[in-house]
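Quick note on the numbering used here: the sequence shown kicks off at 1135 and runs consecutively.
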Amino acid sequence: MKLPVNTASADHAQTDHGSATSGAILGSTKGSSLEELVHAVAERRADFADLIVALSPVISGATPLAPEMALQLSTALHEIDHTVIADHELYRLVNEQAAPALALNEAGQILALNSAAVQLFHLESGDGLKNLSISSAEFHSFKERLANIAGSTLIKVRRPQAAHGSLPLIMVGNYHFRHRAFLLVALQHHWPESIDRALQELFGLTSSERKTLSALAQGVSSEHIAEARGCAVSTIRQQIKMVLQKLGVHSQIQAASLAAAAANAVSTNAANTERLSLDYDDHPMQIHEFFRGHRRIGWRRFGKPGGTPVMWLHGPSFGAGDFPEERRLAEHHALDIFAIERPGYGRTHIPNANEDPLRCQCDDILALMDKQGITSALFICHEVALIPALSIACKQPQRISGIVAISAAPPFKQLQQIDAMPAHQGIFLMAARRAPWMARLMTRLLTIRMKKLGPEHWTDVVFEGVEPDHNIINRPELRQGVIASYGFYINQMGAGFEVDLRIMLKDWSTLITKTEVPVRLIHGERNATTRVEHLAIFHDLNPDITVDLVPEEGLTLAVSQPQRIFAAAIELLR
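As structure tokens, this is what we get:
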């Protein structure tokens, strides 16, 4: 449909942010009081809006920030950053383990890992199964065991550049429903059925061989095993050789140690083990990376391999394929989706110092397409990611067959566009326009607040007090995606958002005017971040652009209405 000119604006929630704590702090202009306010906001004793009030003279350009005050703010941020990460439960769960440990979501992406795992695997948050040399089939079997058998189970991983024939690295895995995550702990006596099944599936051990291995783990000699089983010692010794061969170890001691460690780890973690639901997410995504120059570029792939290629450009709010329904629909519609991690998000490095941020993003996207042999593709873009898609469409239109853009904001041609936003969202744009360093400070504080809120509630920094978005993002069916996308945004302390601010504040109107590829916008009628009436700017610049307005939806329609988004994509592909 064409954009209607006069559409009622979204409801704009207003909140009284005053508090006794902030009032006392704001009563003074001393640096120490401002530093205290920073701590209070990070600890949720004061609202982010209180800091906005305190810093508004600086943001408006009326009063410069004294050097000593800037130093105190910097010190406060540094202190908070180093202490707050221990406060949320998922990280605490991983770091409680003495052995190398990590948390994986149901798609196979690493959410958190302790220092021992970092040293052992050379991994970081955001990496995936490929970095652990776990195949999709192995991960599926691992989840099947947890779904069908109570208790922990095992999974075999391979360290990078491990010596040939070295002792296999086995990790004990259990499921934690609250975080929708698997906790894997490296192995460092009789075991339950789930471990027995894992040894059968991972190594092909027969029932007799598993009984022999269990006896070895208890320190029983081959002679005593033979006596107890009523067979020749030579038979047991031959069976032990077969067990060693299947396990990939070279001595009886290694095999016994491995088995005993498995049993010990299971008994240690048994109280924390939960059963994985039988309808678990079985639509994993592949995690990849490449280098362009000296910059690391992360990207994901999900859907149907070899299907219709689609480029997925994420925004600043909902991850990159982190919600299971997105991956399910991609597979259902036979779409092979390539989701690049844009600069400053996930694992992708920010642009080089003298590099234009928009050109950098476009070059990253085209490099991925070239490496994967994609000559042309449909682009699905979220929010600000429409800008690099349009830039490519103008310069290399043969690479894009069409664009589906979700919740996109038009160029900021009027100050009223920013004023109409919820205060805690618009302040970043206002700060970036007049005092860019202040936007960086507040972005850093925002990510610290996200850490304080933790993986389950980090979206409150975006949607608290904004409806219908706050209610929608807290739906149980979206919980896994919220948790999964948490690390994607905090990995680089908001660096991606800073890059986006630089792109958004430039005048990119000509990209809209010049583009000739089909562009279809999907927008919630109650989107408080970009009100419906401001979408007329798109239509004024390019009458061929169409807009689908979705009743009763806000910014969160990206994850609440994935069927609508994929249906629009399929229509453009036809």
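Just so it is clear, CB atoms sit at the ideal spot from N, CA and C, and this is done for glycine as well. Bear in mind that the values here come from a model prediction, so they are computed numbers and not experimental data.
Between which two residues does the alpha helix (DSSP H) containing alanine 1366 stretch?
Counting from 1 along the sequence shown, the entry for residue 1366 is found at position 232. Per DSSP, alanine 1366 belongs to no alpha helix (DSSP H) and is neither H nor E.
With distances taken between CB atoms, is the gap from threonine 1690 to isoleucine 1624 smaller than 8 Å?
For this step, residue 1690 is matched to residue 556 along the sequence shown. For this step, residue 1624 is matched to residue 490 along the sequence shown. Against a cut-off of 8 Å, the Cβ pair of isoleucine 1624 and threonine 1690 comes out as no contact.
Do the stretch 1472-1485 and the stretch 1630-1639 make contact, defined as three or more Cβ pairs closer than 8 Å?
yes
What do you reckon, are the CB atoms on leucine 1224 and glycine 1588 nearer than 8 Å?
Locating residue 1224 in the sequence shown gives position 90, where the first residue counts as 1. Locating residue 1588 in the sequence shown gives position 454, where the first residue counts as 1. Yes, Cβ-Cβ distance for leucine 1224 and glycine 1588 is below 8 Å.
Alpha carbon to alpha carbon, what distance is there between methionine 1419 and arginine 1314?
The residue labelled residue 1314 in the question sits at position 180 within the sequence shown. The residue labelled residue 1419 in the question sits at position 285 within the sequence shown. Distance between the alpha carbons of arginine 1314 and methionine 1419: 16 Å.
Name the DSSP beta bridge partners of cysteine 1515, please?
Along the sequence shown, read from residue 1 onward, the residue named residue 1515 stands at position 381. BP columns for cysteine 1515 point to Leu1447, Ala1539.
Could you tell me how far apart the beta carbons of valine 1538 and alanine 1670 are, in whole angstroms, since I believe they sit closer than 8 Å?
The count along the sequence shown starts at 1 and reaches residue 1538 at position 404. The count along the sequence shown starts at 1 and reaches residue 1670 at position 536. Not a contact, Cβ separation roughly 20 Å.
So for glutamine 1697, helix, strand or coil by DSSP?
Here residue 1697 refers to the residue found at position 563 of the sequence shown. Looking at glutamine 1697 - three-state DSSP - the assignment turns out to be helix.
Assign threonine 1593 to one of three DSSP states: helix, strand, or coil.
Position 459 of the sequence shown, counting from 1, holds the residue named residue 1593. DSSP places threonine 1593 in coil when its eight states are reduced to three.
Give every residue of the same chain whose Cβ lies closer than 7 Å to the Cβ of aspartate 1330, excluding the five residues on either side of it in the sequence, and list them in chain order.
Counting from one through the sequence shown, the residue named residue 1330 turns up at place 196. Within the same chain, aspartate 1330 has close Cβ partners Arg1344.
In this structure, does DSSP put phenylalanine 1425 in helix, strand or coil?
For the purposes of this step, residue 1425 is taken as residue 291 along the sequence shown, with counting starting at 1. Reduced to three states, the DSSP call for phenylalanine 1425 is strand.
The stretch 1440-1458 / the stretch 1513-1521 touching (three or more Cβ pairs under 8 Å):
yes
If we count Cβ pairs, one from each stretch, closer than 8 Å, do we get three or more for the stretch 1500-1513 versus the stretch 1674-1687?
no
Whose C-beta lies closer than 7 Å to the C-beta of arginine 1574 among residues of the same chain, with five residues either side of it excluded?
Within the sequence shown, the letter at position 440 stands for residue 1574. Only Glu1632 meet the Cβ criterion.
Let me check understanding here. Comparing Cα to Cα, which of Asp1470, Asn1239, Arg1430, Pro1443 lies closest to glycine 1437?
As a first step, residue 1437 is located in the sequence shown; it is residue number 303 there, counting from the start. That would be Asp1470, whose Cα lies nearest to the Cα of glycine 1437.
Three-state secondary structure (DSSP) at leucine 1691?
If you number the sequence shown from 1, residue 1691 lands on position 557. Correct three-state label for leucine 1691: helix.
Proximity to alanine 1251 [Cα-Cα], best of Leu1318, Arg1435, Ile1582:
Residue mapping note: residue 1251 aligns to position 117 of the sequence shown, counting from 1. When each option's Cα is compared against that of alanine 1251, the closest is Leu1318.
Apart from the five residues on each side of it in sequence, which residues of its chain come closer than 8 Å, Cβ to Cβ, to proline 1696?
By 1-based counting over the sequence shown, the position of residue 1696 is 562. Cβ within range, chain order: Phe1457, Glu1459, Glu1460, Leu1463.
May I ask you to report which of helix, strand or coil DSSP gives aspartate 1674?
Taking the sequence shown and counting its residues from 1, the one referred to as residue 1674 is at position 540. DSSP places aspartate 1674 in helix when its eight states are reduced to three.
So phenylalanine 1472 and proline 1443 are in contact, right, with Cβ under 8 Å, and what is the actual spacing, rounded?
Against the sequence shown, residue 1472 aligns to sequence position 338. Against the sequence shown, residue 1443 aligns to sequence position 309. That belief holds up - the Cβ atoms of phenylalanine 1472 and proline 1443 are roughly 7 Å apart, short of 8 Å.
Could you tell me which residues DSSP pairs with lysine 1290 in its beta bridges?
Within the sequence shown, residue 1290 is the residue found at index 156, counting from 1. Answer by DSSP bridge pairing, in chain order: Ile1304.
Using only the alpha-carbon positions, how far apart do phenylalanine 1276 and asparagine 1282 sit?
On the sequence shown, residue 1276 is found 142 positions in, with the first residue counted as 1. On the sequence shown, residue 1282 is found 148 positions in, with the first residue counted as 1. Cα to Cα, the separation comes out at about 10 Å.
Nonlocal neighbours in the same chain, by C-beta distance under 6 Å from glutamine 1626, ignoring five residues either side
In the sequence shown, residue 1626 corresponds to position 492, counting from 1. Excluding positions up to five away in sequence, the list reads Gly1478.
Spatial neighbours of alanine 1501 within its chain, please: CB distance less than 8 Å, with the 5 preceding and 5 following residues excluded, ordered by chain position.
Working through the sequence shown from its first residue, we reach residue 1501 at position 367. So the qualifying residues of the chain are Phe1424, Arg1426, Ile1431.
Along the chain, where does the alpha helix (DSSP H) containing aspartate 1663 start, and where does it finish?
Your numbering for residue 1663 matches position 529 in the sequence shown. A small fix is needed here, since residue 1663 is threonine in this sequence, not aspartate. Counting along the chain, threonine 1663 falls outside any alpha helix (DSSP H), and DSSP gives it neither H nor E.
By alpha-carbon positions, which one of Arg1312, Pro1234, Met1305 ends up nearest to glutamate 1075?
No answer is possible for residue 1075: the residues shown for the chain start at 1135 and end at 1708.
When you compare only the Cα positions, how much space is there between phenylalanine 1597 and proline 1545?
Here residue 1597 refers to the residue found at position 463 when the sequence shown is read from its first residue. Here residue 1545 refers to the residue found at position 411 when the sequence shown is read from its first residue. Whole-angstrom Cα-Cα distance: 22 Å.
Between alanine 1320 and alanine 1233, how many whole angstroms is the CB-CB distance? I'm expecting something under 8 Å.
Locating residue 1320 in the sequence shown gives position 186, counting from the first residue. Locating residue 1233 in the sequence shown gives position 99, counting from the first residue. Going by Cβ atoms, the distance from alanine 1320 to alanine 1233 rounds to 5 Å, so yes, they are a contact pair.
Looking at the structure shown, is leucine 1655 part of a helix, part of a strand, or coil, going by DSSP?
Walking along the sequence shown from the start, residue 1655 turns up at place 521. Three-state result, leucine 1655: strand.
Unbroken beta strand (DSSP E) run spanning leucine 1469, endpoints:
By 1-based counting over the sequence shown, the position of residue 1469 is 335. Its beta strand (DSSP E) spans residues 1469-1474.
CB-CB under 8 Å to leucine 1185, same chain, minus the five flanking residues each way: which ones, in chain order?
The residue given as residue 1185 occupies position 51 in the sequence shown. Contacts found: Leu1171, Val1172, Val1175, Met1576, Leu1579.
Unbroken alpha helix (DSSP H) runs of length 4 or more, entirely within the stretch 1559-1633: which are they?
1570-1587, 1594-1597, 1603-1607, 1613-1624
Beta-carbon separation of isoleucine 1699 and isoleucine 1534 under 8 Å?
As a position in the sequence shown, residue 1699 is number 565, starting the count at 1. As a position in the sequence shown, residue 1534 is number 400, starting the count at 1. It is not a contact, given that the beta carbons lie outside the stated cut-off.
In DSSP terms, what alanine 1746 is bridged to
Outside the displayed range of the chain (1135 to 1708) lies residue 1746, so it cannot be described from this structure.
State the DSSP-derived secondary structure class of threonine 1340, mapped to helix, strand or coil.
Counted from its first residue, the sequence shown places residue 1340 at position 206. Of the three classes helix, strand and coil, the one that applies to threonine 1340 here is coil, per DSSP.
Report the option in Ala1618, Arg1660, Val1651 whose CA atom is closest to the CA atom of aspartate 1261.
As a working note, residue 1261 is residue 127 in the sequence shown. Closest by alpha carbon: Ala1618.
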